[in-house]
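A quick write-up on the structure given underneath.
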């Protein structure tokens, strides 16, 4: 058996059986081995950013890491931005990067570059097998490292997928082709830590005390069990509960206790946290502004608020901690959430930033996976409009590196073939990884992409205004303007093999969205948004 | 004046007046300043890999660096692959990367990452201004560093653009908005070194001696003056002359002395260099294989060949060295190259890897800039077919990171608006940076893109066969197959605002190519290649 086969079989032995690939010469033995081990599903992506984003979406939904197969330093480079998002999402991902043969490195041939340095910017674990004997153990260690903050035991899709890390295994071409050792067996991942009874009691004293308290919950705490525990605490004590603006994965919809995402803008967060005397972190980090602005603090906790690290990071079992807290302060049965209000009837009118989300909210199917890269188009409208929709999961833009929507949707659809995937995708960001549509078409994935086309980088127009750019003229504004020429996303989609339509009114969007959900395979709807 | 304006004005004072931009919040002051300094042309790119590739193409043709404007670590990450190619091309590029405010770094906000480490993988110079007083001097130093291996004095488009480097300036947002010092004046770039008279004499002795000698020429040696000098040496002494497989910039066509590119495959190079007793490097590196293969040497110089570093690297004045050698061994007038043969008449037949290049060769307009990312489709056919075409420049894939063609063509067209640009683009690689077509449309650039659509990553199919993958089955082969579904590049182009047609025969390609060259603005022709 050659080294590539040892690697592949060790991945399989460790539960990794999907590989999002954009291979090159140095990965050719791995590719050749795929036909001898059909349990590994190779998925071709036409750009590495699609492969890494798909691996992120796959693991967010399955709780199991996928592998990526990337070609040398430039291949990794093209995948870095979505690995950045995966890192911020605590998603387990196992990158396999083919490198030149060991003897070839010193020749500095055209594709040579510092893979290790680039990989370290997104990975919590980077290793190169040094000899053939290392390949199996190092591959098993890569998977274990990707999962090491995850819950132990078999994967539980309702709770996992948001507490892992990015591992990178760099594999020299000669190690791939040389004779190697047998594959390594499964290596246990590091189990999550638990909070102590004393920490639960101390937190219980806070939330039942006289001062105003809020929970900030992230990770697996945003699964249904976590949200139910938080709802019990809230009902018994009046404690507020928030989550990050764009969490990695959040359960929502009718029957699911709601949680309030922190606003994108620091001012909004300031209003949300005003008067809170204790902010309790539950698998979440202390909230910070995405960007600094002159004279404004970057740390968003109000000056008088004390911060408590009850569940300090993603390496802890967030659901168990929340449940223990709920059992302490609110023993007894779980309250039944009130039945949702019927959504208001849709009025047919031109599509705008204000109304498109109501169409989606009214028609969202049961158990949809909503990939949200709507950015400005959905910032204030999507969550209210979908609060009482059928139960669903939302996957957010954790690292703010745009271009993850289409790939993450592809990966989520591969992980959950029985669930409909709805990708809400801003126009400017869509272009970063547009070839992910082709992978959706080849794999016949049930993804409905809605392009929210406002023909601009709207968020940058707003940022320019914030920095006093009102005096800015046409040269500046041209750099946010996606018209001249207008981009026709229906042409782009059909060019990639994805059927596409265009909607300009709420009625058109409703009709096309329903039709897309009914028909198998991927579809794209270009929603033309009028200026608000 | 704020820091962003100091930076912008220092760039202008140092001769940088084009900025390929994909900005974000942290670059907003630079954007706002564009309207106060209209001498700086801001060009919007919808993906950072387009911005960096365009900067590469711009400088290869103008000899002057362009700036890129990139947003934090993920923005740089998306641009790295084409910066890798620029580094391998010795192209001067000045990256301006906006970073978080200095006080915001420690908060580890969502977009935070290690910009410096990623930048170092492609840059010969990376610096952060520490205080406002540093902005002007550091910006001037960035431009000087990008040009430091270049010829001194005003840019000479016939000789420069292939001996610079990538500089990266990382600019904290607060330095951009704070009051700053005046811009810094132009900083002189380091002049190129010269070879000594003794080195010329020693090399002259070799080329006039009894043993078989070959020159391997790169950099400015592949300009018209360099090639004429090489032709004089060749004619007087019988010395062979080669260039790299895909040089950064090579002058070719009727009246230009020809030079033989080394083959892509090691076996081909072995045949080319067989019997050569002395290989003289003239601004070139010793040839190495792109990839290692079991049991084959990576260094391509035959065992018995002695290597001489006459002009050891791109920091030397290659043209002067070649001219001095020519004057020594072949004094007197420059020989006139023979008139080219008339091209054979075109036969109308289905397009294939064999015949498409003959159409381009027959119709190539005067002073075309040919951006060559045809890879397997043109590997053995493009250079023979264009040897006697009208004089033109060819820009090659120096770093083998695919996806540079469309962006490099955009940058070259901006640098040389009076010259037609012909982009010969493989299908798989085109998708990496397809949104560069939109920038071509917005800027109304005279680029004719010919997509060479063989519906596969053909080079990988060949590589699989080389590694003994003939036993490989459908799972492996699916990873190189770009059909299922077929990609419709005419849809992709029209979706980006570029008029497009499809050609299946040599007559159709000829007609559409001539029409595209005549009409202003960008055009795309999808050439459907039948299997050979």
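Chains as they are written, first to last, in our numbering: chain W, 1286 to 1817; chain E, 1286 to 1817.
Beta carbons are placed, not taken as given, at the ideal position from N, Cα and C, and that holds for glycine.
| Asked | Found |
| --- | --- |
| Sub-8 Å separation of residue 1673 (chain E) and residue 1625 (chain E) beta-carbons | yes |
| Three-state class that DSSP yields for residue 1369 (chain W) in the structure shown | helix |
| Same chain, Cβ closer than 6 Å to residue 1330 (chain E), neighbours up to 5 away in sequence not counted | 1305, 1307, 1336, 1724 |
| Three-state class that DSSP yields for residue 1289 (chain W) in the structure shown | helix |
| Chain E contact for residue 1576 (chain W) (CB, 8 Å cutoff) | yes |
| Exposure of residue 1248 (chain E), with buried meaning 16 or more beta-carbon neighbours within 10 Å | Outside the modelled stretch of chain E, which goes from 1286 to 1817, sits residue 1248 (chain E), for which no answer is possible. |
| Counterpart residues of residue 1786 (chain W) in DSSP-defined beta bridges | W:1810 |
| Chain W contacts from the segment 1310 to 1335 of chain E (Cβ-Cβ distance under 7 Å) | 1310, 1311, 1313, 1314, 1316, 1317, 1319, 1320, 1323, 1327, 1329, 1331, 1332 |
| For residue 1779 (chain W), the three-state DSSP class (helix, strand or coil) | helix |
| Integer-rounded CB distance, given that residue 1684 (chain W) should sit under 8 Å from residue 1372 (chain W) | 7 Å |
| Sequence-distant residues of the same chain with beta carbon closer than 7 Å to residue 1297 (chain W), five excluded per side | 1322, 1324, 1325 |
| Chain E contacts made by the segment 1657 to 1689 of chain W, where a contact means CB separation under 9 Å | 1682, 1683, 1684, 1685, 1686, 1687, 1688 |
| Ordered list of beta strand (DSSP E) runs contained in the segment 1318 to 1389 of chain W, each at least 3 residues | 1326 to 1329, 1351 to 1356, 1378 to 1384 |
| Spatial neighbours of residue 1707 (chain E) in its chain, beta-carbon cut-off 6 Å, leaving aside the 5 residues before and after | 1653, 1655, 1733 |
| Alpha-carbon spacing of residue 1799 (chain E) relative to residue 1384 (chain E), whole angstroms | 46 Å |
| Separation of residue 1500 (chain E) from residue 1509 (chain E), as counted between CA atoms | 16 Å |
| Cβ of residue 1590 (chain E) within 8 Å of any chain W Cβ | no |
| Contact with chain W by residue 1456 (chain E), beta-carbon distance below 8 Å | no |
| Contact set between the segment 1736 to 1767 of chain E and chain W, restricted to residues whose Cβ is under 9 Å from the partner | 1742, 1744, 1745, 1748, 1749, 1751, 1752, 1753, 1754, 1756, 1757, 1758, 1759, 1760, 1761, 1762, 1763, 1764, 1765, 1766, 1767 |
| Boundaries (first-last residue) of the alpha helix (DSSP H) holding residue 1461 (chain E) | 1458 to 1462 |
| Enclosing beta strand (DSSP E) for residue 1557 (chain E) [first to last residue] | Per DSSP, residue 1557 (chain E) belongs to no beta strand (DSSP E); it is in the alpha helix (DSSP H), 1551 to 1558. |
| Where the beta strand (DSSP E) through residue 1736 (chain E) begins and ends | 1732 to 1738 |
| Those residues which DSSP pairs with residue 1637 (chain W) across a bridge | W:1815 |
| DSSP-derived helix/strand/coil call for residue 1584 (chain W) | strand |
| Proximity test, Cβ basis, 8 Å: residue 1452 (chain E) and chain W | no |
| Opening and closing residue of the alpha helix (DSSP H) in which residue 1826 (chain E) lies | Because chain E is modelled from 1286 through 1817, residue 1826 (chain E) falls outside the range shown and cannot be assessed. |
| Unbroken beta strand (DSSP E) run spanning residue 1709 (chain E), endpoints | 1706 to 1711 |
| Separation of residue 1659 (chain E) from residue 1709 (chain E), as counted between CA atoms | 5 Å |
| Opening and closing residue of the beta strand (DSSP E) in which residue 1591 (chain E) lies | 1591 to 1596 |
| For residue 1677 (chain W): DSSP bridge partner residues | W:1537, W:1653 |
| Inter-residue spacing [alpha-carbon to alpha-carbon] between residue 1562 (chain W) and residue 1392 (chain E) | 21 Å |
| Where residue 1481 (chain W) falls, given that 16 or more other Cβ within 10 Å makes a residue buried | exposed |
| Reduced DSSP category for residue 1417 (chain W) - H, G, I as helix; E, B as strand; rest coil | helix |
| Residue 1514 (chain E) - containing alpha helix (DSSP H), residue span | 1509 to 1522 |
| Contact the segment 1401 to 1413 of chain W vs the segment 1551 to 1565 of chain W: 3+ CB pairs below 8 Å | no |
| Residue 1567 (chain W) (DSSP reduced to helix, strand or coil) | strand |
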